[in-house]
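Below: one structure, written as structure tokens.
4 protein chains.
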Amino acid sequence: MEQRIPVGILGATGTVGQRFIQLLEHHPWFEVAWVAASDRSSGKTYAEACKWKLNTAMPEKVARLMVSAASPESAPKLVFASVDAAIAKEMEPQFAAAGKIVITNSSAFRMHEQVPLIIPEVNADHLKMVEQQEWRRSGGCIVTNGNCSAIGLVTALAPLHEEFGLEKVFVVTMQAISGAGYPGVASLDILGNVVPYIAKEEEKMEEEAKKMLGRMNGKGVLPADFAISAQCNRVAVEDGHTESVSVKLAKKASADEIIAAWNEFRGQTASLALPSAPQQVVFYDAAPDRPQPRLDVNRGNGMTASVGRLRPCNLLDWKFTVLSHNVIRGAAGAALLNAELMKAKGYLD
Amino acid sequence: MEQRIPVGILGATGTVGQRFIQLLEHHPWFEVAWVAASDRSSGKTYAEACKWKLNTAMPEKVARLMVSAASPESAPKLVFASVDAAIAKEMEPQFAAAGKIVITNSSAFRMHEQVPLIIPEVNADHLKMVEQQEWRRSGGCIVTNGNCSAIGLVTALAPLHEEFGLEKVFVVTMQAISGAGYPGVASLDILGNVVPYIAKEEEKMEEEAKKMLGRMNGKGVLPADFAISAQCNRVAVEDGHTESVSVKLAKKASADEIIAAWNEFRGQTASLALPSAPQQVVFYDAAPDRPQPRLDVNRGNGMTASVGRLRPCNLLDWKFTVLSHNVIRGAAGAALLNAELMKAKGYLD
Amino acid sequence: MEQRIPVGILGATGTVGQRFIQLLEHHPWFEVAWVAASDRSSGKTYAEACKWKLNTAMPEKVARLMVSAASPESAPKLVFASVDAAIAKEMEPQFAAAGKIVITNSSAFRMHEQVPLIIPEVNADHLKMVEQQEWRRSGGCIVTNGNCSAIGLVTALAPLHEEFGLEKVFVVTMQAISGAGYPGVASLDILGNVVPYIAKEEEKMEEEAKKMLGRMNGKGVLPADFAISAQCNRVAVEDGHTESVSVKLAKKASADEIIAAWNEFRGQTASLALPSAPQQVVFYDAAPDRPQPRLDVNRGNGMTASVGRLRPCNLLDWKFTVLSHNVIRGAAGAALLNAELMKAKGYLD
Amino acid sequence: MEQRIPVGILGATGTVGQRFIQLLEHHPWFEVAWVAASDRSSGKTYAEACKWKLNTAMPEKVARLMVSAASPESAPKLVFASVDAAIAKEMEPQFAAAGKIVITNSSAFRMHEQVPLIIPEVNADHLKMVEQQEWRRSGGCIVTNGNCSAIGLVTALAPLHEEFGLEKVFVVTMQAISGAGYPGVASLDILGNVVPYIAKEEEKMEEEAKKMLGRMNGKGVLPADFAISAQCNRVAVEDGHTESVSVKLAKKASADEIIAAWNEFRGQTASLALPSAPQQVVFYDAAPDRPQPRLDVNRGNGMTASVGRLRPCNLLDWKFTVLSHNVIRGAAGAALLNAELMKAKGYLD
């Protein structure tokens with residue numbers, strides 16, 4: 370293996386931070402060289418600071434890293450971030466202004482008009498929005514990925530929007546507990562239960578979906594103009610957001626045409642050979658009772674959106690179920706793929 | 370307590386059959402006098418034949434009853450039923466033809482044009498459909514209640530339909546495992562999982578909702594003419610179907626008007642003092658994260674539909690969450706309330 | 370109903386505090402008149418301060434109470450407490466010194482040599498230990514109940530110890546999440562999982578069991594001298610601690626004799642007619658696969674210990690399974706029964 | 370890859386059968402060439418006959434295999450089996466008599482005095498028991514592995530028995546639902562519950578542990594002579610049996626000595642380089658709250674027994690927790706390792 374590019378992780382001890390570290394362990398391009406977390410962790414090794422909650426071992430090299438303070442001085446050029454929105458709002462511009470390329474899963478800047486909100490297969494072209502950012506003067510920038518519930522939906526909608534044009538989208542989610550981080554959802558709240566509310570989630574899904582499926586218009590993005598209504602629920606699932614979706618299309622399409630659009634979708638990264646891109650971006654499962662989190666969440670190493678149960682809808686045109694891994698495709702894997710896109714596009718040279 | 374009316378239970382050892390027996394234990398009007406189940410149970414006492422799965426003790430009187438063969442000869446006049454559709458299709462007409470009043474939770478005759486599909490508060494007037502039934506000549510009849518997922522929905526929709534007129538209804542369900550009976554859903558299929566499919570459930574919800582909210586038209590029912598699209602999912606909840614709903618109304622209504630319609634709804638049984646009718650048919654909970662199965666399923670002894678999260682919908686007018694107890698309001702309690710309605714209306718005299 | 374005795378609740382918004390309020394709602398002797406919680410709650414009504422997590426409605430009278438500061442000035446004579454051990458250690462003596470009768474579920478003083486650790490049916494006679502307490506001079510005292518996992522075990526062991534003499538006890542617990550309070554156990558830690566560790570739990574079980582089954586010796590208690598080894602696990606159960614137990618007895622006993630000892634056990638409160646005492650203190654279930662939390666936890670309104678699966682042990686004499694409700698018999702109900710005992714014994718006159 | 374040895378699977382559509390197929394997909398020595406299941410599956414392809422329940426895709430080559438009748442005519446020389454005991458009792462001798470090497474997870478012949486019950490690292494030397502089998506005349510034999518709950522225990526006990534000598538063993542299990550196959554445990558029985566009973570499980574654990582840890586004595590095995598008492602519970606975990614264990618040793622040992630015995634244990638296969646043998650047979654985790662199924666079940670690709678929480682026991686010497694994967698180390702992986710042992714020992718030449 371050639372020399373790998375050193376990367377940093379902001380929020381390294383959290384649920385998504387741990388996934389960054391897991392996904393980067395054997396990465397061909399990047400290597401974790403710097404981890405930062407809240408002040409109470411600094412001065413400790415990562416192994417001491419982190420309550421590791423994944424079912425693979427903590428990578429030994431990272432275990433021995435000292436946790437740095439969350440400031441850009443010592444950070445490498447490329448920094449992955451996943452921190453609370455309020456913290457991100459302050460901290461991410463500091464890193465960008467200091468010349469760092471901030472690839473963030475935090476929500477603070479997703480809807481900022483100069484910040485791209487990227488799913489590489491869907492809207493890699495939005496990346497050029499970064500050119501407007503004042504932070505570019507120092508070589509830095511901020512690039513975001515969507516909310517964990519929005520990414521799975523948009524990945525499944527993109528082929529339909531491209532081929533047939535979306536007019537209306539109705540979506541109800543059944544979201545996994547890992548989406549709330551750790552400790553996150555109290556067990557007394559979710560064991561044998563459904564919680565029909567996740568703060569700000571419906572708003573994020575609705576606005577982010579339109580931005581991600583929007584078109585570049587000069588230097589900015591013109592949001593897609595379909596109507597969308599989201600309802601978000603929490604269920605007792607560890608990983609994987611399941612979504613019941615109904616859509617109205619501008620151009621009528623048969624079931625076969627829709628399924629073909631999904632299975633054949635390669636998107637804007639088809640020629641780029643990004644290491645974390647799944648072979649199949651969207652997989653349509655013809656079985657009557659799929660997708661299911663327990664069986665399908667890890668398809669494509671957690672990067673494939675699984676779709677099933679396509680059938681006519683009495684109100685709109687078609688209804689179907691989408692499943693995607695909320696911590697991989699919906700968070701850490703999403704950011705990683707964004708970083709790979711940036712490297713492929715020359716931003717890291 | 371006066372002499373109570375003897376009643377029989379067809380399918381007495383099943384999940385719903387056990388609930389009939391639990392709910393009838395201290396009932397002021399009815400007393401379980403006859404239990405029938407499949408052939409392999411006959412000749413045993415109920416205690417021997419039944420794998421009791423409720424968290425209250427099996428009533429001692431019922432425990433000692435001998436399980437009868439499932440034929441009408443020995444059955445009392447009033448028979449509650451909950452058996453597989455295929456069995457119900459054969460057996461329920463035999464009981465009705467033999468002069469029995471069959472109050473059934475089975476699905477076989479729900480959509481039969483001479484059979485009423487009743488939620489007493491919503492459409493007690495449909496009961497007179499029984500007059501058309503040929504079985505009435507011998508004094509028998511068949512009266513049904515809806516599918517467990519349809520009843521909660523329709524109970525919440527009824528006040529809106531009455532006050533404002535329904536035009537469109539979207540519903541996505543998250544249904545409890547008890548809805549599938551026992552042994553029903555395998556634990557490997559649902560622990561930490563969502564299954565996005567329940568056979569025939571979406572079709573039942575869609576067609577039953579329209580029949581229940583329809584209007585009497587001569588001797589029959591004219592189904593309500595709103596459009597409805599249902600998507601049904603199974604989740605790891607013991608009791609209580611949660612439903613994310615969106616509606617379009619003919620007459621525009623404010624949130625306050627809608628909430629008032631729910632909280633003030635008394636329906637067609639307001640003056641009847643039916644023992645199992647809840648004080649509040651629909652309860653609107655203003656908390657941001659309710660209703661939830663674990664906390665709200667037993668409201669009104671499991672007979673109240675809980676509603677929450679009323680908010681505007683970008684596609685239709687309003688969206689909200691409904692919860693109701695699938696085995697009580699959605700099955701055994703539903704049938705029991707139907708029987709109480711029939712007694713109040715003089716059918717048992 | 371006569372005038373009821375006003376009582377206070379320290380830690381009123383916690384998991385056990387809420388249970389106190391639920392259990393006291395229709396209590397014949399006591400009435401909640403004062404609620405206290407942490408500083409951030411004071412100045413609010415109970416309804417505002419408390420995230421109510423029980424599946425029955427918050428009692429309206431209590432909902433309207435203002436939350437008091439946690440100091441004895443305004444408190445009634447009888448105060449129920451359930452707070453963190455560190456807080457209890459400071460606060461409970463203040464209340465006792467101010468003349469309050471503190472009936473506490475907190476662990477701070479359970480092993481204090483002047484403080485009784487009571488299960489009324491088992492060791493009501495230990496109550497006279499309070500006479501030694503210096504707080505008695507002002508009319509106050511502290512009375513404790515055991516850890517939630519110890520109470521179920523000791524309730525099942527008491528009839529055996531009394532009849533046959535315990536020599537050795539081996540116990541492995543599978544404990545419910547509600548035992549950790551709210552938010553308590555993170556859902557990511559327990560959904561589909563077992564956690565083989567609960568801090569200090571094994572030590573508490575071992576030492577408390579011996580004190581509770583000990584004998585009065587002068588003014589103090591001589592701990593019972595059997596050997597006991599406990600292993601404690603957390604499982605994904607809402608309420609109800611299940612325990613696999615094995616025992617060696619001084620006097621050999623047959624299965625029938627042991628079952629009779631359990632079923633006939635009435636204990637030291639047989640003649641007292643305490644309102645919360647269950648008709649059956651220990652219930653032996655002869656079914657091969659019981660007791661189970663889902664089916665049996667509420668037996669005797671959550672105050673009965675359920676026992677099953679008595680069979681010979683290859684190492685000691687007998688093995689069996691015990692289940693008891695950790696928040697009722699194991700916490701709030703335990704303290705309530707202690708208060709009832711004190712009233713019956715004249716301590717509240 | 371060289372030509373691989375064709376193998377057959379008896380009971381190929383079951384929970385363990387599916388695991389055989391998953392584990393064999395990329396196996397360096399063996400290749401699935403024949404699958405058999407119950408009569409209703411024969412004439413179908415494996416893909417048609419099998420309700421695949423694993424979260425990796427069904428291997429394509431196996432998907433296209435026709436399901437054979439369960440008779441030895443068409444079977445390859447080496448056959449893996451996992452079928453109900455009653456079926457195994459008839460069928461496995463037929464295969465062995467027809468010259469097949471039957472490596473079985475079924476329980477029928479585990480305690481047969483001519484049949485070895487093998488964990489290769491623990492008792493590879495027991496394999497020579499097959500020489501007594503009359504089926505050897507035709508070249509066939511039966512080799513078994515232990516019950517899923519016994520294997521994890523024995524793997525953890527073996528280093529202690531070897532180094533210090535076991536005298537007494539207490540064990541309480543918390544077993545995963547996958548141990549009961551599919552559909553197996555009904556969701557209504559286990560969601561949020563503990564079931565303190567698994568038919569015949571305690572007996573199997575007790576007798577199999579002694580046989581596996583026994584010594585060859587002439588042509589047979591002399592069971593180890595420690596005393597053992599097992600209590601078995603089912604919990605809501607998908608994969609991984611957790612066991613609370615307490616032991617008395619003949620030779621006193623310190624915690625460090627015990628931990629060293631575990632971590633350094635290589636067993637009887639150290640020199641054989643079996644492909645499915647884990648690098649670490651037993652892994653001691655020093656964290657205070659481990660092992661846990663969710664985090665540790667897949668250690669060593671599901672072949673390592675994880676141990677933790679070693680601490681003194683008030684009754685015996687030491688107590689600790691063991692976790693092992695019940696379907697891999699406890700069933701399919703166990704049989705596969707047995708087959709690898711047989712190949713390494715020349716039985717397949």
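Residue numbers (the working numbering), protein chains in the order written: chain F, 370 to 718; chain Z, 370 to 718; chain W, 370 to 718; chain G, 370 to 718.
Note that beta-carbon positions come from the ideal geometry of N, C-alpha and C, so glycine has one too.
- 557/G is the residue among 557/G, 640/G, 661/G and 453/G whose C-alpha sits nearest the C-alpha of residue 662/W.
- Proximity of residue 559/Z to chain G, defined by a Cβ-Cβ separation below 9 Å, is satisfied.
- Here the alpha carbons of residue 601/Z and residue 379/W stand approximately 45 Å from one another.
- In the displayed model, residue 669/F falls within a helix according to three-state DSSP.
- The beta-bridge partner set that DSSP reports for residue 687/G consists of 616/G and 681/G.
- Around residue 551/Z, the beta-carbon contacts reaching into chain G at under 9 Å are 555, 557 and 558.
- Our two residues, residue 493/F and residue 578/F, have alpha carbons roughly 15 Å apart in a direct line.
- The straight-line gap separating the alpha-carbon atoms of residue 712/G and residue 399/G is approximately 10 Å.
- Residue 387/G has a beta carbon lying at 9 Å or more from every beta carbon in chain W.
- Listed along chain F, the residues sitting closer than 7 Å to residue 663/G by beta-carbon distance are 424.
- Using a Cβ-Cβ cut-off of 9 Å, residue 547/G does not count as an interface residue toward chain W, since no Cβ of chain W sits closer than that to its own.
- Annotation for residue 422/F: 384, 387 and 551 place their beta carbon closer than 8 Å to its own, counting only its chain and skipping 5 residues before and after.
- By the Cβ rule, the region 646 to 654 of chain Z does not count as touching the region 586 to 600 of chain Z, because fewer than three pairs are nearer than 8 Å.
- Using a Cβ-Cβ cut-off of 8 Å, residue 677/Z is close to 565 of chain F, given in chain order.
- In this structure, the CA atom of residue 604/G is about 42 Å from the CA atom of residue 437/W.
- Contacts between residue 667/G and chain F, judged by CB atoms closer than 7 Å, involve 424 in chain order.
- Per the coordinates, the alpha-carbon of residue 410/Z lies some 5 Å from the alpha-carbon of residue 418/Z.
- Put simply, the backbone Cα of residue 449/F is about 23 Å away from that of residue 666/F.
- The Cβ of residue 394/G sits no closer than 9 Å to any Cβ of chain F.
- One alpha carbon belongs to residue 507/G, the other to residue 532/G, and they sit about 40 Å apart.
- As the crow flies, the alpha-carbon of residue 672/F is around 51 Å from that of residue 512/Z.
- A buried status is given to residue 630/Z, since no fewer than 16 other beta-carbon atoms sit within 10 Å of its beta-carbon.
- Taking a cut-off of 8 Å for Cβ pairs, the region 509 to 525 of chain W and the region 615 to 629 of chain G do not touch, as fewer than three such pairs fall below it.
- A Cβ-Cβ contact shorter than 9 Å links residue 608/W with residue 695/W.
- For residue 598/Z, a Cβ of chain F is located within less than 9 Å of the residue's own Cβ.
- Between residue 393/Z and residue 705/Z, the C-beta gap is smaller than 9 Å, which places the two residues in contact.
- Distances from the CA of residue 583/F to each of 615/F, 460/F, 523/F and 427/F were compared; the closest alpha carbon is that of 523/F.
- For residue 607/W, at least one C-beta of chain Z is nearer than 9 Å to its own C-beta.
- Residue 391/Z is not a Cβ neighbour of residue 489/Z, given a cutoff of 9 Å.
- In this structure, the CA atom of residue 716/W is about 42 Å from the CA atom of residue 565/G.
- Counting every other CB atom within 10 Å of its CB across the protein chains shown gives residue 530/Z a total of 16 or more, marking it as buried.
- Chain F has no Cβ within less than 9 Å of the Cβ of residue 517/Z.
- Among the CB atoms of chain W, one or more fall inside 9 Å of the CB of residue 539/G.
- Using a CB distance below 7 Å, the part of the region 607 to 632 of chain G facing chain W consists of 607, 611, 613 and 615, ordered along the chain.
- Contact annotation for residue 682/W against chain G: 598 [CB-CB distance below 7 Å, chain order].
- Beta-bridge partners assigned by DSSP to residue 418/W: none are found.
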